[in-house]
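Trainee:
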Amino acid sequence: MAKRARIRYVNKTDRKNPHERITHVGGANPDGTPWKRSIDRAIKDIESDEWEFYVEENGRRVDVVWATHDGHKYIKTTADDIQPNNLLLLANCP
1 MAKRARIRYV NKTDRKNPHE RITHVGGANP DGTPWKRSID RAIKDIESDE WEFYVEENGR
61 RVDVVWATHD GHKYIKTTAD DIQPNNLLLL ANCP
């Protein structure tokens, strides 16, 4: 069974293409220690069913999935259309 983790933060570049802007995601472990993963690692974790990620806003959880746009793999929430808007709105990783 896959482990679940809430994504609370992202690291972004200044690239104009939203599918390439997020470089890392992060959050907090149950003990409060921070965790951080590259996008490539997060995609591999999702593909292998090792991890499931989600974001939460006002008590509403939305799953994170990987997608492909113009041959580039990226992550987005299931509530997003083609662009990863919900993730791009998160705060920067500390």
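Each residue of the sequence shown is one higher than the last, beginning at 1 in UniProt numbering. Glycine residues also receive a C-beta, built at the ideal position from the N, C-alpha and C atoms. Note that the coordinates shown come from a computational prediction; the quantities given were computed from them, not determined experimentally.
Taking contact to mean at least 3 C-beta pairs separated by less than 8 Å, is the stretch 35 to 46 in contact with the stretch 76 to 89?
Mentor: Touching, no.
Trainee: Measuring straight from C-alpha to C-alpha, what distance separates V10 and L90?
Mentor: Translated into the one-based positions of the sequence shown, residue 10 becomes position 10. Translated into the one-based positions of the sequence shown, residue 90 becomes position 90. When rounded, the distance between both Cα atoms is 6 Å.
Trainee: Return yes when the Cβ of Y74 is within less than 8 Å of the Cβ of I46, no when it is not.
Mentor: The residue given as residue 46 occupies position 46 in the sequence shown. The residue given as residue 74 occupies position 74 in the sequence shown. No.
Trainee: Using a Cβ-Cβ cutoff of less than 6 Å, which residues in the same chain neighbour E52 once the five nearest sequence positions on both sides are dropped?
Mentor: Taking the sequence shown and counting its residues from 1, the one referred to as residue 52 is at position 52. These residues qualify, in order along the chain: A2 and R4.
Trainee: Where DSSP assigns a beta bridge to R61, which residues make up the other side?
Mentor: Looking up residue 61 in the sequence shown gives position 61. Its beta-bridge partners are E56.
Trainee: Cα separation between R8 and A42?
Mentor: Here residue 8 is taken as the residue at index 8 of the sequence shown, counted from 1. Here residue 42 is taken as the residue at index 42 of the sequence shown, counted from 1. So the alpha carbons of these two residues sit roughly 14 Å apart.
Trainee: Alpha carbons only, please: which of T78, H24, H19 and A28 is nearest the one belonging to R60?
Mentor: Position 60 of the sequence shown, counting from 1, holds the residue named residue 60. For the residues T78, H24, H19 and A28, the minimum Cα distance to R60 belongs to T78.
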